[in-house]
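Reading through the structure tokens given below for one structure.
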Amino acid sequence: MLRVIAVFLPVLFFLSLSGAVSAQTAFPPTASPKPTPSPTPAEIRQPCPNINVQPMAQTVRDGQPAAFSVNMENRNAGNQPTITWNVSVGTIIKGQYTPRIEVDTTGAGTLPEREIKAEVFITGFAPECALQASGVIKIIPAAVKFGEFGEVPAVVVTKNLKTMADVLNQSPDNLSLVIYAGRNSERNYSSMWFKRIKDELVANGIPIRKISAIDGGFREQPIFEFWLVPTGAEQPRPAPTIKREEIVYPKTVPKKP
Numbered sequence: 726m727l728r729v730i731a732v733f734l735p736v737l738f739f740l741s742l743s744g745a746v747s748a749q750t751a752f753p754p755t756a757s758p759k760p761t762p763s764p765t766p767a768e769i770r771q772p773c774p775n776i777n778v779q780p781m782a783q784t785v786r787d788g789q790p791a792a793f794s795v796n797m798e799n800r801n802a803g804n805q806p807t808i809t810w811n812v813s814v815g816t817i818i819k820g821q822y823t824p825r826i827e828v829d830t831t832g833a834g835t836l837p838e839r840e841i842k843a844e845v846f847i848t849g850f851a852p853e854c855a856l857q858a859s860g861v862i863k864i865i866p867a868a869v870k871f872g873e874f875g876e877v878p879a880v881v882v883t884k885n886l887k888t889m890a891d892v893l894n895q896s897p898d899n900l901s902l903v904i905y906a907g908r909n910s911e912r913n914y915s916s917m918w919f920k921r922i923k924d925e926l927v928a929n930g931i932p933i934r935k936i937s938a939i940d941g942g943f944r945e946q947p948i949f950e951f952w953l954v955p956t957g958a959e960q961p962r963p964a965p966t967i968k969r970e971e972i973v974y975p976k977t978v979p980k981k982p
């Protein structure tokens, strides 16, 4: 019996030792995690803001101030952007380097484009942020006198109206006819001449909706002024030289039946 116990003792010692080694291999000691370093300011990238230019009106008349503003969305409050404006025509009279500008539009309506384009350039963000935007305001030109004539032979009237019709057929503008009766003109002089001129222009292909008349009052001699008036522009203002109360129409004696 003692011999059997002696034989198994080495075996038990070997099994105990191998079990300890296996336990160490299966469950190694846990290492403490290293702290993650905080990003430096240079590594922090803010998204590029979205910008757009907002015209304060769709149209303005030539000579009236036009205004534009820039909106910046998703902008980091810590950024100090630099804003620079540029306009295609006109002059910036207020607000350069700020989010809102006012522009003097004098003369912009005389150009073929009849508009002002404002561009804004913004810096002060990440180098990859190329910030540029633009907006447009249409300019309504002032009415312009194309020509005038007085009482002339019928052939000259027809020739002048043909020239006027050729211009109107190529222009988006309308026609305002200012008619001045003379001191000695007959009653209803302006309305009779407007009908004649309108009929000839329509016969030359001008839509009747593009033609309007203004009774200009009285001058010493009759005269007809032709004005090109863009849509939205002010109508020309008559400039009579004789007051209406000074005009005396001849009395008409009814004919006996």
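If you use the numbering used here, the sequence shown corresponds to residues 726 to 982, in order.
Ideal Cβ placement from N, Cα and C applies to all residues, glycine included.
In angstroms, rounded to a whole number, what distance separates the CA positions of residue i and residue j?
i, j, result
"V828", "A843", "9 Å"
"A958", "T809", "32 Å"
"V882", "I826", "49 Å"
"F793", "G815", "13 Å"
"K968", "G941", "11 Å"
"G872", "E970", "28 Å"
"Q895", "I922", "19 Å"
"A782", "P932", "30 Å"
"T765", "N777", "In this prediction, T765 scores a pLDDT of 49, lower than 50, which makes its location untrustworthy; the coordinate-derived value is nonetheless stated afterwards. C-alpha separation (whole angstroms): 31 Å."
"E876", "I939", "18 Å"
"E838", "V892", "18 Å"
"I817", "R934", "38 Å"
"P806", "T835", "35 Å"
"P790", "K976", "53 Å"
"L953", "A928", "19 Å"
"A867", "P852", "45 Å"
"V903", "N811", "40 Å"
"D787", "G832", "6 Å"
"Y974", "I865", "41 Å"
"I841", "F919", "37 Å"
"G849", "G820", "19 Å"
"N899", "P965", "23 Å"
"I847", "S813", "18 Å"
"A858", "T830", "20 Å"
"A879", "R912", "21 Å"
For the alpha helix (DSSP H) that contains residue i, what are its first and last residues?
i, result
"L893", "A879 to N894"
"Y914", "Y914 to A928"
Would you call residue i buried or exposed, if buried means 16 or more other Cβ atoms sit within 10 Å of its Cβ?
i, result
"S901", "buried"
"Q749", "Only weak support exists for where Q749 lies, its pLDDT of 46 falling under 50; the value from the coordinates is given anyway. Q749 should be labelled exposed."
"E950", "buried"
"G930", "exposed"
"D924", "exposed"
"S910", "buried"
"S915", "buried"
Roughly how far, in whole angstroms, is the beta-carbon of residue i from the beta-carbon of residue j, given that I think they are within contact range, below 8 Å?
i, j, result
"P947", "A890", "About 21 Å; that fails the 8 Å criterion."
"T784", "K863", "4 Å"
"P961", "G860", "About 31 Å separates the two Cβ atoms, so there is no contact after all."
"N804", "P772", "About 11 Å; that fails the 8 Å criterion."
"V845", "V795", "5 Å"
"R908", "F943", "6 Å"
Tell me the residue span of the beta strand (DSSP E) that contains residue i.
i, result
"V869", "V869 to G875"
"Q857", "L856 to I865"
"N899", "N899 to G907"
"R944", "I936 to R944"
"T848", "E840 to T848"
"E970", "Neither: E970 is in no beta strand (DSSP E) and is coded neither H nor E."
"I674", "Here the chain covers residues 726 to 982 and nothing more, so residue 674 does not appear."
Segments assigned beta strand (DSSP E), at least 3 residues, entirely inside the stretch 772 to 837 = 775 to 780, 784 to 786, 790 to 798, 807 to 812, 816 to 819 and 825 to 829
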